[in-house]
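In mature numbering (1 follows the signal peptide of the UniProt record, and there is no 0), the protein residues as written are -26 to -1, 1 to 339. Glycine residues also receive a C-beta, built at the ideal position from the N, C-alpha and C atoms.
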Amino acid sequence: MVGKNISAVVVIAAAAVVGCVSTAGAFEDKTAELAAMARQKRATDPLTLTNGTGDGRLTVKVDGYGSFGSTTPAGDVSYDPVGAIGPAGAVWESAVMFSPTKQFLATGSMHVGQGLPPVEITRSGNRIATSSFSVGGFDFTLRQEVLPPAPNGSTLVQTYKITNRTGRSQTIALSRYVEGDLYFVGSFGNDFGGVSGDGRTVYQFDTGDDPSAPTTFVGINATGGTAAGYSIQPYRFTDAVVAAGRVPTEIRNKIHDDANADRITDHGFDAGIIQQNNMTIRAGATATYVTRTRFGSGSIVGQISKVAGCITMNGNPVVGRTVEARQTGLTTQTTTTDATGCYEFDKLTVGKPADIVVKLPTVTQ
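This is the structure:
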(Lines of atoms letter the chains of each structure in order from A and count residues from 1; the text may use other names and numbers.)
(Lines give C-alpha, C1' and ligand atoms only; values in the text may rest on other atoms or scores of the structure.)
Protein backbone atom coordinates (compact mmCIF):
# COMPACT_ATOMS: atom_id res chain seq x y z
CA MET A 1 0.00 0.00 0.00
CA VAL A 2 2.78 2.25 0.82
CA GLY A 3 4.30 1.63 -2.54
CA LYS A 4 1.03 2.38 -4.32
CA ASN A 5 0.52 5.41 -2.27
CA ILE A 6 3.97 6.60 -3.16
CA SER A 7 3.39 5.66 -6.76
CA ALA A 8 0.08 7.46 -6.78
CA VAL A 9 1.60 10.49 -5.21
CA VAL A 10 4.37 10.45 -7.75
CA VAL A 11 1.94 10.17 -10.63
CA ILE A 12 -0.25 12.95 -9.29
CA ALA A 13 2.77 15.11 -8.64
CA ALA A 14 4.09 14.41 -12.09
CA ALA A 15 0.76 15.30 -13.61
CA ALA A 16 0.66 18.48 -11.57
CA VAL A 17 4.15 19.39 -12.69
CA VAL A 18 3.31 18.69 -16.31
CA GLY A 19 0.20 20.83 -15.97
CA CYS A 20 2.20 23.61 -14.41
CA VAL A 21 4.81 23.47 -17.15
CA SER A 22 2.12 23.66 -19.81
CA THR A 23 0.44 26.65 -18.17
CA ALA A 24 3.74 28.41 -17.58
CA GLY A 25 4.71 27.91 -21.21
CA ALA A 26 1.50 29.48 -22.43
CA PHE A 27 1.91 32.33 -19.95
CA GLU A 28 5.49 32.93 -21.04
CA ASP A 29 4.49 32.90 -24.70
CA LYS A 30 1.73 35.43 -24.04
CA THR A 31 4.03 37.58 -21.93
CA ALA A 32 6.66 37.54 -24.66
CA GLU A 33 4.03 38.49 -27.22
CA LEU A 34 2.75 41.35 -25.09
CA ALA A 35 6.30 42.53 -24.45
CA ALA A 36 7.04 42.45 -28.17
CA MET A 37 3.86 44.44 -28.83
CA ALA A 38 4.84 46.91 -26.12
CA ARG A 39 8.32 47.29 -27.59
CA GLN A 40 6.82 47.86 -31.04
CA LYS A 41 4.39 50.37 -29.62
CA ARG A 42 7.15 52.19 -27.80
CA ALA A 43 9.38 52.10 -30.86
CA THR A 44 6.80 53.66 -33.17
CA ASP A 45 5.05 55.97 -30.72
CA PRO A 46 5.77 59.69 -31.05
CA LEU A 47 8.56 60.86 -28.76
CA THR A 48 8.62 63.93 -26.54
CA LEU A 49 11.62 66.22 -26.96
CA THR A 50 12.26 69.07 -24.56
CA ASN A 51 14.90 71.55 -23.46
CA GLY A 52 13.33 72.12 -20.05
CA THR A 53 10.67 74.29 -18.47
CA GLY A 54 10.41 78.02 -17.90
CA ASP A 55 10.74 81.08 -20.10
CA GLY A 56 11.80 80.33 -23.66
CA ARG A 57 11.59 76.55 -23.20
CA LEU A 58 9.97 74.16 -25.65
CA THR A 59 8.38 70.71 -25.37
CA VAL A 60 7.32 69.00 -28.59
CA LYS A 61 6.15 65.46 -29.37
CA VAL A 62 7.24 64.31 -32.84
CA ASP A 63 6.60 61.23 -34.95
CA GLY A 64 9.15 59.36 -37.06
CA TYR A 65 8.39 61.47 -40.15
CA GLY A 66 8.81 64.83 -38.39
CA SER A 67 5.13 65.64 -38.08
CA PHE A 68 3.62 67.21 -34.96
CA GLY A 69 0.64 69.27 -33.83
CA SER A 70 -2.55 68.91 -31.81
CA THR A 71 -4.49 67.23 -34.63
CA THR A 72 -1.73 64.70 -35.42
CA PRO A 73 -0.98 61.48 -33.52
CA ALA A 74 2.09 63.23 -32.11
CA GLY A 75 0.15 66.00 -30.35
CA ASP A 76 0.65 69.71 -29.72
CA VAL A 77 3.77 71.55 -28.65
CA SER A 78 4.07 73.56 -25.46
CA TYR A 79 6.08 76.77 -25.60
CA ASP A 80 6.61 79.28 -22.78
CA PRO A 81 7.28 82.76 -24.23
CA VAL A 82 9.87 84.94 -22.57
CA GLY A 83 8.06 87.29 -20.21
CA ALA A 84 4.77 87.28 -18.34
CA ILE A 85 2.80 85.09 -20.77
CA GLY A 86 2.64 81.47 -19.63
CA PRO A 87 3.13 78.28 -21.67
CA ALA A 88 0.50 77.34 -24.25
CA GLY A 89 -0.08 75.23 -27.32
CA ALA A 90 1.04 76.65 -30.64
CA VAL A 91 0.60 74.21 -33.55
CA TRP A 92 -2.50 72.54 -35.01
CA GLU A 93 -0.58 70.52 -37.59
CA SER A 94 2.87 70.52 -39.15
CA ALA A 95 4.48 68.28 -41.76
CA VAL A 96 6.53 68.29 -44.97
CA MET A 97 4.71 67.78 -48.28
CA PHE A 98 6.68 65.37 -50.53
CA SER A 99 5.98 66.07 -54.21
CA PRO A 100 6.76 62.65 -55.81
CA THR A 101 3.87 61.02 -53.92
CA LYS A 102 1.86 64.18 -53.12
CA GLN A 103 1.77 63.09 -49.49
CA PHE A 104 2.48 64.79 -46.21
CA LEU A 105 5.27 62.99 -44.38
CA ALA A 106 3.16 62.18 -41.33
CA THR A 107 1.84 59.22 -39.39
CA GLY A 108 -1.88 58.78 -39.83
CA SER A 109 -3.63 61.40 -41.90
CA MET A 110 -3.23 65.15 -42.18
CA HIS A 111 -5.51 64.95 -45.20
CA VAL A 112 -8.47 62.76 -46.12
CA GLY A 113 -7.35 59.58 -47.87
CA GLN A 114 -3.71 59.99 -46.88
CA GLY A 115 -1.53 58.68 -44.10
CA LEU A 116 1.73 56.79 -43.69
CA PRO A 117 2.29 53.82 -41.36
CA PRO A 118 4.11 54.39 -38.06
CA VAL A 119 7.89 54.04 -38.22
CA GLU A 120 10.39 53.34 -35.48
CA ILE A 121 11.83 56.39 -33.76
CA THR A 122 14.73 56.37 -31.31
CA ARG A 123 15.55 58.86 -28.59
CA SER A 124 19.02 60.13 -27.70
CA GLY A 125 18.67 62.04 -24.46
CA ASN A 126 15.84 64.52 -23.95
CA ARG A 127 16.44 66.65 -27.03
CA ILE A 128 17.22 64.35 -30.00
CA ALA A 129 15.31 61.69 -31.94
CA THR A 130 16.30 59.74 -35.07
CA SER A 131 14.34 57.61 -37.53
CA SER A 132 14.48 56.19 -41.04
CA PHE A 133 11.81 55.37 -43.61
CA SER A 134 11.18 54.99 -47.35
CA VAL A 135 8.56 56.78 -49.43
CA GLY A 136 8.07 56.73 -53.20
CA GLY A 137 11.44 55.20 -54.03
CA PHE A 138 13.41 57.51 -51.73
CA ASP A 139 15.14 56.49 -48.49
CA PHE A 140 15.08 59.00 -45.64
CA THR A 141 17.02 59.35 -42.43
CA LEU A 142 15.69 62.03 -40.10
CA ARG A 143 17.35 63.69 -37.13
CA GLN A 144 15.16 65.91 -34.96
CA GLU A 145 16.69 68.11 -32.30
CA VAL A 146 15.38 70.72 -29.90
CA LEU A 147 18.35 73.03 -29.48
CA PRO A 148 19.35 74.30 -26.02
CA PRO A 149 17.28 77.37 -25.14
CA ALA A 150 18.52 80.77 -26.28
CA PRO A 151 17.80 84.03 -24.41
CA ASN A 152 14.85 84.76 -26.71
CA GLY A 153 13.37 81.32 -27.39
CA SER A 154 13.89 77.80 -28.71
CA THR A 155 14.39 76.09 -32.07
CA LEU A 156 13.45 72.66 -33.41
CA VAL A 157 15.81 71.51 -36.19
CA GLN A 158 14.70 68.66 -38.46
CA THR A 159 17.37 67.33 -40.83
CA TYR A 160 16.27 65.00 -43.64
CA LYS A 161 18.92 63.08 -45.58
CA ILE A 162 17.23 61.84 -48.76
CA THR A 163 18.67 59.12 -51.01
CA ASN A 164 17.22 58.63 -54.50
CA ARG A 165 16.60 54.90 -55.14
CA THR A 166 14.36 55.36 -58.19
CA GLY A 167 17.11 54.64 -60.71
CA ARG A 168 16.97 58.04 -62.39
CA SER A 169 17.62 61.68 -61.57
CA GLN A 170 14.64 63.36 -59.93
CA THR A 171 13.68 66.96 -59.18
CA ILE A 172 11.50 67.07 -56.09
CA ALA A 173 9.72 69.71 -54.04
CA LEU A 174 9.69 69.66 -50.25
CA SER A 175 7.13 72.06 -48.80
CA ARG A 176 6.99 72.65 -45.06
CA TYR A 177 3.44 73.34 -43.94
CA VAL A 178 2.44 74.67 -40.51
CA GLU A 179 -1.04 75.54 -39.36
CA GLY A 180 -0.38 77.30 -36.10
CA ASP A 181 -2.97 77.77 -33.39
CA LEU A 182 -1.40 80.28 -31.03
CA TYR A 183 -3.21 80.29 -27.69
CA PHE A 184 -0.93 82.73 -25.88
CA VAL A 185 -3.51 85.52 -26.25
CA GLY A 186 -7.14 84.78 -27.13
CA SER A 187 -8.03 81.91 -29.44
CA PHE A 188 -6.65 80.38 -32.64
CA GLY A 189 -8.70 82.73 -34.84
CA ASN A 190 -6.61 85.85 -34.29
CA ASP A 191 -3.14 84.82 -35.44
CA PHE A 192 -1.16 87.15 -37.69
CA GLY A 193 1.32 86.02 -40.33
CA GLY A 194 4.31 87.52 -42.06
CA VAL A 195 7.27 86.91 -44.36
CA SER A 196 10.80 88.30 -44.06
CA GLY A 197 12.04 90.61 -46.79
CA ASP A 198 14.09 87.88 -48.42
CA GLY A 199 11.22 85.37 -48.30
CA ARG A 200 13.32 82.89 -46.32
CA THR A 201 11.39 83.09 -43.03
CA VAL A 202 7.61 82.63 -42.86
CA TYR A 203 6.08 83.17 -39.45
CA GLN A 204 3.02 83.65 -37.26
CA PHE A 205 2.50 85.63 -34.07
CA ASP A 206 -0.39 86.22 -31.71
CA THR A 207 -2.72 89.20 -31.63
CA GLY A 208 -1.49 92.20 -29.66
CA ASP A 209 2.18 91.36 -30.21
CA ASP A 210 4.72 93.74 -31.75
CA PRO A 211 5.05 92.76 -35.44
CA SER A 212 8.67 93.95 -35.57
CA ALA A 213 9.76 91.87 -32.56
CA PRO A 214 7.03 89.40 -31.55
CA THR A 215 7.64 87.17 -28.52
CA THR A 216 4.86 84.73 -29.53
CA PHE A 217 6.63 84.16 -32.84
CA VAL A 218 6.46 80.72 -34.52
CA GLY A 219 8.50 80.82 -37.72
CA ILE A 220 9.94 78.41 -40.26
CA ASN A 221 12.88 78.53 -42.62
CA ALA A 222 14.61 75.87 -44.67
CA THR A 223 17.90 75.12 -46.40
CA GLY A 224 18.74 72.55 -49.04
CA GLY A 225 18.15 72.91 -52.74
CA THR A 226 16.60 76.16 -53.93
CA ALA A 227 13.98 78.30 -52.22
CA ALA A 228 10.89 78.13 -54.44
CA GLY A 229 8.17 80.16 -52.77
CA TYR A 230 5.92 80.59 -49.76
CA SER A 231 2.34 81.46 -48.88
CA ILE A 232 0.18 82.58 -45.95
CA GLN A 233 -3.47 81.62 -46.32
CA PRO A 234 -6.58 80.98 -44.20
CA TYR A 235 -7.11 77.49 -42.79
CA ARG A 236 -7.47 75.05 -44.47
CA PHE A 237 -5.75 75.10 -47.87
CA THR A 238 -4.17 71.64 -47.76
CA ASP A 239 -6.55 70.37 -50.47
CA ALA A 240 -4.78 72.61 -52.95
CA VAL A 241 -1.35 71.68 -51.55
CA VAL A 242 -2.06 67.96 -51.94
CA ALA A 243 -3.42 68.42 -55.46
CA ALA A 244 -0.26 70.28 -56.51
CA GLY A 245 2.19 68.36 -54.33
CA ARG A 246 3.76 71.71 -53.44
CA VAL A 247 2.83 75.38 -52.95
CA PRO A 248 0.04 75.87 -55.51
CA THR A 249 0.92 78.30 -58.31
CA GLU A 250 -2.14 80.47 -57.68
CA ILE A 251 -1.07 81.30 -54.11
CA ARG A 252 2.72 81.14 -54.44
CA ASN A 253 4.47 84.15 -52.86
CA LYS A 254 1.11 85.58 -51.82
CA ILE A 255 -0.05 86.75 -48.40
CA HIS A 256 -3.77 86.73 -47.68
CA ASP A 257 -5.12 90.02 -46.28
CA ASP A 258 -2.05 92.18 -46.89
CA ALA A 259 -3.59 95.20 -48.60
CA ASN A 260 -0.74 97.53 -47.65
CA ALA A 261 1.88 95.09 -48.99
CA ASP A 262 4.07 95.27 -45.88
CA ARG A 263 4.47 91.47 -45.88
CA ILE A 264 2.43 91.15 -42.67
CA THR A 265 -1.27 90.29 -42.59
CA ASP A 266 -3.45 93.30 -41.87
CA HIS A 267 -5.70 91.39 -39.47
CA GLY A 268 -5.59 88.25 -37.39
CA PHE A 269 -7.25 85.06 -38.65
CA ASP A 270 -6.83 81.28 -38.49
CA ALA A 271 -3.71 81.20 -40.65
CA GLY A 272 -1.54 78.53 -42.20
CA ILE A 273 1.96 79.02 -43.61
CA ILE A 274 3.97 77.04 -46.16
CA GLN A 275 7.47 77.25 -47.62
CA GLN A 276 8.82 75.29 -50.60
CA ASN A 277 12.32 74.14 -51.52
CA ASN A 278 13.21 72.35 -54.76
CA MET A 279 16.16 70.00 -55.21
CA THR A 280 17.48 67.70 -57.92
CA ILE A 281 18.90 64.38 -56.70
CA ARG A 282 20.80 62.10 -59.06
CA ALA A 283 20.11 58.36 -59.03
CA GLY A 284 21.80 56.84 -55.98
CA ALA A 285 22.81 60.25 -54.60
CA THR A 286 21.88 61.76 -51.24
CA ALA A 287 20.74 65.32 -50.57
CA THR A 288 20.09 67.14 -47.30
CA TYR A 289 17.03 69.23 -46.47
CA VAL A 290 16.85 71.09 -43.16
CA THR A 291 13.73 72.79 -41.85
CA ARG A 292 13.85 74.86 -38.66
CA THR A 293 10.97 75.93 -36.46
CA ARG A 294 11.67 78.93 -34.29
CA PHE A 295 9.57 79.55 -31.17
CA GLY A 296 10.05 82.93 -29.51
CA SER A 297 11.37 86.26 -30.70
CA GLY A 298 11.86 86.04 -34.43
CA SER A 299 14.99 87.15 -36.22
CA ILE A 300 13.03 89.30 -38.65
CA VAL A 301 14.36 92.72 -37.69
CA GLY A 302 16.81 93.69 -40.42
CA GLN A 303 15.09 91.39 -42.91
CA ILE A 304 12.40 93.92 -43.81
CA SER A 305 12.87 96.04 -46.95
CA LYS A 306 10.08 98.54 -46.29
CA VAL A 307 9.61 101.10 -43.51
CA ALA A 308 6.69 103.50 -43.18
CA GLY A 309 5.47 105.98 -40.59
CA CYS A 310 3.54 109.19 -39.97
CA ILE A 311 4.41 112.45 -38.22
CA THR A 312 1.88 114.57 -36.38
CA MET A 313 2.02 117.62 -34.16
CA ASN A 314 -0.80 118.39 -31.75
CA GLY A 315 -2.86 115.79 -33.59
CA ASN A 316 -2.33 117.41 -36.99
CA PRO A 317 -0.30 115.86 -39.86
CA VAL A 318 3.10 117.41 -40.52
CA VAL A 319 3.16 117.84 -44.30
CA GLY A 320 6.24 118.21 -46.50
CA ARG A 321 8.77 117.28 -43.81
CA THR A 322 12.02 115.73 -45.11
CA VAL A 323 12.72 112.20 -43.88
CA GLU A 324 15.92 110.21 -44.49
CA ALA A 325 16.69 106.49 -44.34
CA ARG A 326 20.37 105.94 -43.58
CA GLN A 327 22.01 102.53 -43.98
CA THR A 328 25.75 102.19 -43.28
CA GLY A 329 27.79 102.08 -46.47
CA LEU A 330 24.79 102.86 -48.68
CA THR A 331 23.39 106.01 -50.26
CA THR A 332 20.96 107.83 -47.98
CA GLN A 333 17.39 107.67 -49.25
CA THR A 334 15.21 110.77 -48.92
CA THR A 335 11.48 111.42 -49.10
CA THR A 336 8.94 113.90 -47.72
CA THR A 337 5.75 113.41 -45.74
CA ASP A 338 2.55 113.49 -47.79
CA ALA A 339 -0.75 115.27 -47.19
CA THR A 340 -1.53 112.87 -44.33
CA GLY A 341 1.88 113.37 -42.72
CA CYS A 342 3.05 109.90 -43.73
CA TYR A 343 6.23 108.65 -45.44
CA GLU A 344 7.49 105.35 -46.83
CA PHE A 345 10.77 103.75 -47.89
CA ASP A 346 10.18 100.59 -49.90
CA LYS A 347 13.64 99.87 -51.33
CA LEU A 348 15.80 99.37 -48.27
CA THR A 349 18.60 96.80 -48.43
CA VAL A 350 17.68 93.60 -46.61
CA GLY A 351 19.96 92.66 -43.72
CA LYS A 352 21.27 96.18 -42.97
CA PRO A 353 19.92 98.26 -40.07
CA ALA A 354 18.27 101.52 -41.11
CA ASP A 355 18.15 104.76 -39.12
CA ILE A 356 15.11 106.91 -39.92
CA VAL A 357 15.92 110.61 -39.50
CA VAL A 358 13.33 113.39 -39.57
CA LYS A 359 14.90 116.70 -40.68
CA LEU A 360 13.81 119.71 -38.66
CA PRO A 361 13.12 122.97 -40.47
CA THR A 362 15.91 125.55 -40.53
CA VAL A 363 15.38 128.30 -37.99
CA THR A 364 16.64 131.75 -39.01
CA GLN A 365 17.63 134.37 -36.45
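Beta-carbon separation (whole angstroms), residue i vs residue j, contact threshold 8 Å
i	j	result
residue 242	residue 191	The Cβ separation is near 14 Å, so there is no contact.
residue 46	residue 82	7 Å
residue 65	residue 154	5 Å
residue 25	residue 152	The pair is not a contact, with the Cβ atoms about 20 Å apart (cut-off 8 Å).
residue 206	residue 245	6 Å
residue 116	residue 267	About 14 Å separates the two Cβ atoms, so there is no contact after all.
residue 311	residue 295	5 Å
Coarse secondary structure for residue i, derived from DSSP in three states
i	result
residue 215	helix
residue 201	strand
residue 103	strand
residue 313	coil
residue 18	helix
residue 94	coil
residue 225	helix
residue 88	coil
residue 167	strand
residue 59	coil
residue 34	strand
residue 285	coil
residue 291	strand
residue 322	coil
residue 23	strand
residue 234	coil
residue 41	coil
residue 195	strand
residue 209	coil
residue 109	strand
residue 308	strand
residue 48	coil
residue 82	strand
Span separating the alpha-carbon of residue i from that of residue j
i	j	result
residue 226	residue 102	33 Å
residue 261	residue 76	19 Å
residue 182	residue 80	Bear in mind that the predicted position of residue 182 carries a pLDDT of just 42, short of 50, making it unreliable; the figure below should be weighed with that in mind. So the two alpha carbons sit approximately 33 Å from each other.
residue 84	residue 283	42 Å
residue 58	residue 218	42 Å
residue 236	residue 169	9 Å
residue 41	residue 301	41 Å
residue 38	residue 208	28 Å
residue 322	residue 257	43 Å
residue 290	residue 67	47 Å
residue 328	residue 240	23 Å
residue 178	residue 128	15 Å
residue 54	residue 33	9 Å
residue 133	residue 118	6 Å
residue 313	residue 293	5 Å
residue 13	residue 105	Low confidence applies here, because residue 13 scores a pLDDT of 48, under 50, leaving its location unreliable; read the following figure in that light. Taking the straight line joining both Cα atoms gives about 16 Å.
residue 142	residue 308	54 Å
residue 94	residue 70	18 Å
residue 213	residue 224	13 Å
residue 228	residue 125	32 Å
residue 63	residue 21	17 Å
residue 136	residue 36	19 Å
residue -4	residue 49	Low confidence applies to residue -4: its pLDDT is 40, below 50, so where it sits in the model is not reliable, and the reading given next is rough at best. Approximately 41 Å between the Cα atoms of the pair.
residue 149	residue 97	26 Å
residue 304	residue 140	50 Å
residue 172	residue 44	30 Å
residue 174	residue 196	7 Å
residue 56	residue 330	28 Å
residue 285	residue 231	26 Å
Proximity winner among the options, relative to residue i (alpha-carbon distances)
i	options	result
residue 27	249, 100, 253 and 89	100
residue 222	235, 199 and 247	247
residue 198	45, 293 and 147	147
residue 110	138, 120, 133 and 69	138
residue 220	238, 253, 193 and 230	253
residue 122	238, 73 and 23	23
residue 287	316, 305, 91 and 308	316
residue 298	72, 193, 124 and 333	333
residue 60	150, 31 and 171	31
residue 72	224, 238, 307 and 251	251
residue 19	149, 56, 92 and 63	92
residue 112	144, 97, 96 and 130	144
residue 201	56, 285 and 265	265
residue 269	108, 114 and 176	176
residue 74	211, 232 and 108	108
Limits of the unbroken beta strand (DSSP E) element including residue i
i	result
residue 68	65 to 72
residue 118	112 to 120
residue 128	127 to 138
residue 147	144 to 154
residue 263	260 to 270
residue 298	296 to 300
residue 249	245 to 255
residue 177	176 to 179
residue 329	329 to 332
residue 78	77 to 79
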